[in-house]
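Asks:
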Amino acid sequence: WDRIRRGFAMPDLQHELVQDREQWYASRPDYMQRMTERSSKYLFHIVEELERRGMPTELALLPYIESAFNPQAVSSAKAAGMWQFMPATGNYFDLKQNAFRDDRRDVLASTRAALDYLQKLHGMFGDWHLALAAYNWGEGSVGRAIARNQKQGLGTSYTDLNMPAETRMYVPKLQAVKNIVANPEAFRTELPLIENHPYFQTVDVTHDIDVALVAQLAGIREEDFRALNPSFHRPVILAAGTPRILLPWDNAKVFQRNLEARREGQYASWTVWTVPSHMTVAEAAQRAGMSENDLRSLNHIPPRMLIKAGSALMVPRSAAIRQDVSSHLADNGQLAFAPEVVTRKTTVRAGKGETVASIARRYKLAASNVADWNDVRANAAFKLGQQIVVYLPVQAARASASPRAGTVRATAANNTSSNSKRAAAAPSRKGGAPSKVKRR
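Letter by letter, the sequence shown follows residues 14 to 453 of this note's numbering.
Structural data, given as structure tokens:
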């Protein structure tokens, strides 16, 4: 704490909102205790980075305001991590977000990105209070607010600008925490002891390895591992995408010693399978050799969704698989879904000159599906009045069954893609994976 105090370099904000926030924090000692204890894992690293860059150490307190120093925090607007990056801003600052990890939660990567962004904002506005407002509200919003005031001959400092309530309170919150850290006795607050020493160190990972195994070899609880490595979405670390992990200082040596002594057994129980075609969760689970519930839980698949072709699914890794997941998959693997569509087997009458292609265009289907359902070639023509089988979403099937449409609906039961291959399509006569209905 003394080291942080010595590095204070931002001008103090004098405002009644600061006193309001001081009272709020000081009246909640349990909350302050939990928040400061949680920060003890990360503060040393953040202060080191700030000093290395010559930045004010008040900024080390910013995660108290953003996330209460919770690296797993997610806001209602989908900002994530202790520094609360939005997805687009995270991408701009090279924070990977894929099926296996979210670097907005990564302790090292998110801190690097946050300090890069704050430096950029300070360079734009030349004022730390305005830079902080832009971090919260957006640089464009702050720039426009300044321009409006300039046009009206008004001041352009933080307190002069018209801004949302959240941004209006943002710097006062940070100033209040700064004041409490500067003089905790004045607020009857006790700050926990935080050693002026690294809490963690980085350890190289050369093979895919289960999170549970890392924790076991390091002699720590899995939840303690995840507190330092909160970016991982899955129970395995993919070395090609994440070649380093963080471990408590003393446990890092324990891990390396135990890893070197391990002579048998595989390191990773999981691998990645690229889904070859649109399919239901039940179909994917069957191919992966696991239950539907387990596949959903492992890959965070929402209900009533199809898995899109090209999705990267985490599945069990057999002992026969020797190769780790590739760097391309580890860095770029994504999960994509499409809503399950309830379909109905429907028969329609062919008009004059109708072909497989014209029927497919009329109902926005794949010509290959129409051909399969009717056991004809893809370039086949139909006779006038011939009944043609198609599988349509229920609403479209009802519409096509109206007398005005000149079609007849078959009496087959409804199907849904969650329990029948016909929901996405009828079974292909060629075998293998079912054909797909094209969806808009």
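Using N, Cα and C, we set each Cβ at its ideal position, and we do this for glycine too.
Note down the Cα distance separating Leu311 from Gly151, rounded to an integer number of angstroms.
Replies: Near 35 Å, if we compare the C-alpha coordinates of Gly151 and Leu311.
Asks: Please list, in chain order, all residues of the same chain as Arg374 whose beta carbon is under 7 Å from its beta carbon, the five residues on each side excluded.
Replies: So no residue of the chain qualifies.
Asks: Reducing DSSP to helix, strand and coil, say where Asp115 ends up.
Replies: Strand.
Asks: Which residue marks the beginning of the alpha helix (DSSP H) containing Met182, and which one marks its end?
Replies: Residues 178-195.
Asks: Report the rounded CA-to-CA distance for Ala418 versus Ile314, giving the unit in angstroms.
Replies: The predicted position of Ala418 is uncertain, since its pLDDT is 42 and thus under 50; no value can be drawn from it.
Asks: Between which two residues does the alpha helix (DSSP H) harbouring Gln163 extend?
Replies: Gln163 -> alpha helix (DSSP H) spans 152-164.
Asks: With a threshold of 8 Å, establish whether the CB of Met45 neighbours any heavy atom of the ligand ZN.
Replies: The ligand ZN is absent from the structure shown, which contains no ligand whatsoever.
Asks: Considering only the alpha carbon of each residue, which of Ala112, Asp388, Gln336 lies closest to His246?
Replies: Ranking Ala112, Asp388, Gln336 by Cα distance to His246 puts Ala112 first.
Asks: Under the three-state reduction of DSSP, which class applies to Leu128: helix, strand or coil?
Replies: In this structure, Leu128 counts as helix in the three-state DSSP scheme.
Asks: Please name the residue, chosen from Ser123, Lys266, Leu72, Phe106, that lies closest to Gln85 on a Cα-to-Cα basis.
Replies: It is Ser123.
Asks: Inspect the beta-carbon positions of Leu187 and Ile78 and report whether they are closer than 9 Å.
Replies: Closer than 9 Å, so yes.
Asks: Can you say whether His291 is buried or exposed, counting buried as having 16 or more other CB atoms within 10 angstroms of its CB?
Replies: Buried, since its Cβ has 16 or more Cβ neighbours within 10 Å.
Asks: In three-state DSSP terms, what is Met292?
Replies: Of the three classes helix, strand and coil, the one that applies to Met292 here is strand, per DSSP.
Asks: Can you check which of these residues, Trp386, Lys365, Tyr404, Pro406, is closest to Ala394 by C-alpha distance?
Replies: Among Trp386, Lys365, Tyr404, Pro406, the Cα nearest to that of Ala394 belongs to Lys365.
Asks: Cα-Cα, which of Asp25, Arg34, Lys54, Glu29 is closest to Asp237?
Replies: Closest option to Asp237, Cα to Cα, is Lys54.
Asks: Three-state secondary structure (DSSP) at Tyr1?
Replies: In this structure the chain extends from 14 to 453, so residue 1 is not present and cannot be described.
Asks: Under a three-way DSSP split, which group does Met327 fall into?
Replies: Note: Met327 maps to strand in three-state DSSP.
Asks: Have a look at Lys266 and Asp217 and give me their C-alpha separation to the nearest angstrom.
Replies: Answer to the nearest angstrom: the Cα atoms are 12 Å apart.
Asks: Within its chain, find whatever has a CB closer than 8 Å to the CB of Ser431; leave out the 5 residues flanking it on each side and keep chain order.
Replies: Confidence in Ser431 is poor, its pLDDT being 36 and thus under 50, which makes the residue's placement unreliable; the coordinate value appears in the next sentence. Correct list, in chain order: Thr293, Val294, Ala295, Arg317, Glu353.
Asks: What are the residues that DSSP puts in a beta bridge with Trp14?
Replies: Looking at the DSSP assignment, Trp14 forms no beta bridge with any residue, so it has no partner.
Asks: How should Ala332 be labelled, buried or exposed, when 16 other C-beta atoms within 10 angstroms of its C-beta is the threshold for buried?
Replies: Under this definition Ala332 is an exposed residue.
Asks: Taking C-beta to C-beta, are Asp116 and Ser244 nearer than 9 Å?
Replies: Yes. Within cutoff.
Asks: By the DSSP assignment, the alpha helix (DSSP H) with Ala351 in it spans what residues?
Replies: Not the alpha helix (DSSP H): Ala351 falls in the beta strand (DSSP E), residues 350-352.
Asks: For Glu35, which residues of its own chain have a beta-carbon under 8 Å away from its beta-carbon, when the five flanking residues on both sides are left out?
Replies: Cβ within range, chain order: Ala189, Asn192, Ile193, Phe200.
Asks: Keeping to the same chain, check which residues put their C-beta closer than 6 Å to that of Gly20; ignore five residues upstream and five downstream.
Replies: Taken in chain order, the residues that qualify are Thr70.
Asks: Does Leu260 come out as helix, strand or coil in the three-state DSSP assignment?
Replies: Note: Leu260 maps to strand in three-state DSSP.
Asks: On the DSSP bridge list, what partners appear for Ile222?
Replies: In DSSP, Ile222 forms a bridge with Ile250.
Asks: Return the CA-CA distance between Thr424 and Ser154, expressed in angstroms with no decimal places.
Replies: Because the pLDDT of Thr424 is 36, which lies under 50, any placement of that residue in the model is unreliable, and the question is left without a value.
Asks: Sorted by chain position, which residues of the same chain lie with C-beta nearer than 6 Å to Leu348's C-beta, five sequence neighbours on each side aside?
Replies: Contacts found: Ala112, Ser324.
Asks: First and last residue of the alpha helix (DSSP H) that includes Asn372?
Replies: Before going further, note that residue 372 is Ile rather than Asn in the sequence given. Segment 369-375, the alpha helix (DSSP H) holding Ile372.
Asks: Please name the residue, chosen from Phe350, Ala240, Ala301, that lies closest to Glu50 on a Cα-to-Cα basis.
Replies: The residue with the shortest Cα to Cα distance from Glu50 is Ala240.
Asks: Taking the alpha-carbon positions, what's the Asn104 to Gln110 distance?
Replies: In a straight line, the C-alpha of Asn104 is about 8 Å away from that of Gln110.
Asks: What are the boundary residues of the beta strand (DSSP E) that includes Phe501?
Replies: There is simply no residue 501 to check, as the chain begins at 14 and stops at 453 in what is shown.
Asks: Please list the terminal residues of the continuous beta strand (DSSP E) segment that includes Met45.
Replies: First-last for Met45: 42-52, but that is the alpha helix (DSSP H), not the beta strand (DSSP E).
Asks: State the start and end residues of the unbroken alpha helix (DSSP H) segment that holds Ile59.
Replies: Ile59 -> alpha helix (DSSP H) spans 56-66.
Asks: Are the Cβ atoms of Pro369 and Arg335 separated by less than 9 Å?
Replies: A small correction: the amino acid at residue 369 is Val; Pro does not occupy that position in the sequence shown. Cβ distance not < 9 Å, so Val369 and Arg335 don't count as in contact.
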